[in-house]
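Numbering (my numbering), first residue to last: 298 to 736.
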């Protein structure tokens, strides 16, 4: 009799374990990360660090939100690699991560377009989705060529064409396009050239490899200057963008009558000389709605980084995108779970990543059908006005010597807006600082 009672109790206890949610079914969903924390030149990429730190915050928030039940997102330190925004070897790094023995449901980061092409191909090979917060090369839009890739940013056809439209607004008749010949730079050039032709603008085009030396850039920019070109669209990674601004300064082009529009915004890790040379330039940035959540991220990130972060600091923008990057994975997992998908893998998760539709810190995020692209992304046109000292407000190098640029913010302020719904661009030149106006 006692044996029968004991057996009944054991069966009853096992049944309770199965009925109580999370007791035996809690799962860890492993994520890998490839972030650019520095460049191959040795220059720090603080924007990549902001994105990585914000991704960790997002994982913490997802796990605390209860949206995945007792399941958790995990991104271990050993599963994150600084790939230095390098094209060469990015596929090898991705392969090493994806084949290390863990069952990854996704790889996040992949912030530079050229390397993202290689990383996305590895994702297809090993059936691990790659979700990018920064790669906007036009070629990455193709679901046929990159079936295991999505991005929470808009492609070059949206971002870089906005620069051309801004030049048209400012009276350009002809634009010079400086671009790198990697996937991103070339794709951006094609999009920008197409927009220029469609709006009746002439073009002069100069393309070259990443990390081309200053003196070559100086020569090529000097030739365009001699041709009378006054408006320049720069579609390059930050180090190359910086070189163009330094060349412009050396050629006496940082003055009234010249206009510069760059796909990338400079940050506090760039030496001050280039920042000064770029004052007055315009650049696009995803519009970030104001609110308590985005302020909370900024304050939390500031404590980790060790400085007060200005709301318009360019680097914080990348932090927001890195944060939204993680939530894309979380929402896809939730949809898969709601559909009763067992043993969620990267392969099973990929179709759900294409169905995401949620409100992130940077606005509504969904994927345009038939593409890998974010469907809607309003864009702010940002104007570089110099450094911001969190303690003492705005200043520039004519008023105060800078001894520790890394403790400061690069101050870009919004002077224009591109509505992705109406496709309408507006600019307020009364608020803008243009090249040469501070000399």
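The beta carbon of each residue, even a glycine, is placed where N, CA and C say it ideally should be.
{"Query": "Buried or exposed by the 16-neighbour rule on C-beta atoms within 10 Å, applied to residue 601", "Result": "exposed"}
{"Query": "Length of the line joining the Cα atoms of residue 552 and residue 569", "Result": "18 Å"}
{"Query": "Nearest neighbour of residue 517, chosen from 508, 528 and 504 [CA to CA]", "Result": "504"}
{"Query": "Coarse secondary structure for residue 606, derived from DSSP in three states", "Result": "coil"}
{"Query": "Own chain residues within Cβ distance below 7 Å of residue 368, not counting five before or after", "Result": "323, 324 and 326"}
{"Query": "Sub-8 Å separation of residue 709 and residue 726 beta-carbons", "Result": "no"}
{"Query": "Residue 415 versus residue 648 - alpha carbon distance", "Result": "21 Å"}
{"Query": "Extent of the continuous beta strand (DSSP E) run through residue 632", "Result": "Looking at the DSSP string, residue 632 is not in any beta strand (DSSP E); the run it does join, the alpha helix (DSSP H), is 611-635."}
{"Query": "Cutoff 7 Å; reference residue 343; Cβ partners in own chain excluding five residues on either side", "Result": "564, 565, 566 and 612"}
{"Query": "For residue 476: DSSP bridge partner residues", "Result": "504 and 532"}
{"Query": "C-alpha distance - residue 319 paired with residue 603, whole-angstrom precision", "Result": "Residue placement at residue 319 cannot be trusted, given a pLDDT of 43 that sits under 50; the coordinates are not used to answer."}
{"Query": "Delimiting residues of the beta strand (DSSP E) encompassing residue 559", "Result": "556-559"}
{"Query": "Sequence-distant residues of the same chain with beta carbon closer than 8 Å to residue 621, five excluded per side", "Result": "355, 430, 449, 657, 658, 659 and 662"}
{"Query": "Cross-strand partners of residue 655 (DSSP beta bridge)", "Result": "662"}
{"Query": "Distance, residue 671 Cα to residue 463 Cα", "Result": "22 Å"}
{"Query": "Local conformation of residue 708 per DSSP, three classes", "Result": "strand"}
{"Query": "Reduced DSSP category for residue 571 - H, G, I as helix; E, B as strand; rest coil", "Result": "helix"}
{"Query": "Exposure label - residue 457; buried when at least 16 CB within 10 Å", "Result": "buried"}
{"Query": "Reference residue 388, options 562, 366 and 411, closest by Cα", "Result": "411"}
{"Query": "Residue 401 to residue 362 span [Cα, whole Å]", "Result": "22 Å"}
{"Query": "Continuous alpha helix (DSSP H) assignments of at least 4 residues falling wholly in the stretch 369-400", "Result": "387-395"}
{"Query": "Buried/exposed call for residue 582, threshold 16 Cβ in 10 Å", "Result": "buried"}
{"Query": "Cα-Cα separation between residue 454 and residue 482, rounded to whole angstroms", "Result": "12 Å"}
{"Query": "Bridge-paired residues (DSSP) for residue 499", "Result": "471"}
{"Query": "Reduced DSSP secondary structure (H/G/I, E/B, other) of residue 511", "Result": "helix"}
{"Query": "Residue 427 beta carbon less than 8 Å from that of residue 434", "Result": "no"}
{"Query": "Reduced DSSP category for residue 441 - H, G, I as helix; E, B as strand; rest coil", "Result": "coil"}
{"Query": "Cβ-based neighbour list, residue 540, same chain, cut-off 7 Å, excluding 5 preceding and 5 following", "Result": "511 and 514"}
{"Query": "Anticipated Cβ contact below 8 Å, residue 614 with residue 585, distance rounded", "Result": "7 Å"}
{"Query": "CB contact flag (residue 722, residue 733, <8 Å)", "Result": "no"}
{"Query": "Distance between residue 409 and residue 436 (C-alpha atoms, nearest Å)", "Result": "13 Å"}
{"Query": "Presumed contact (8 Å Cβ cut-off) between residue 395 and residue 488, rounded CB distance", "Result": "No, residue 395 and residue 488 are not in contact; Cβ-Cβ is about 31 Å, not under 8 Å."}
{"Query": "8 Å Cβ cutoff met for residue 607 and residue 685", "Result": "yes"}
{"Query": "Per-residue burial, residue 397 [other beta carbons within 10 Å of its own, 16 or more giving buried]", "Result": "exposed"}
{"Query": "Which of helix, strand or coil DSSP assigns to residue 684", "Result": "strand"}
{"Query": "According to DSSP, residues forming a beta bridge with residue 582", "Result": "677"}
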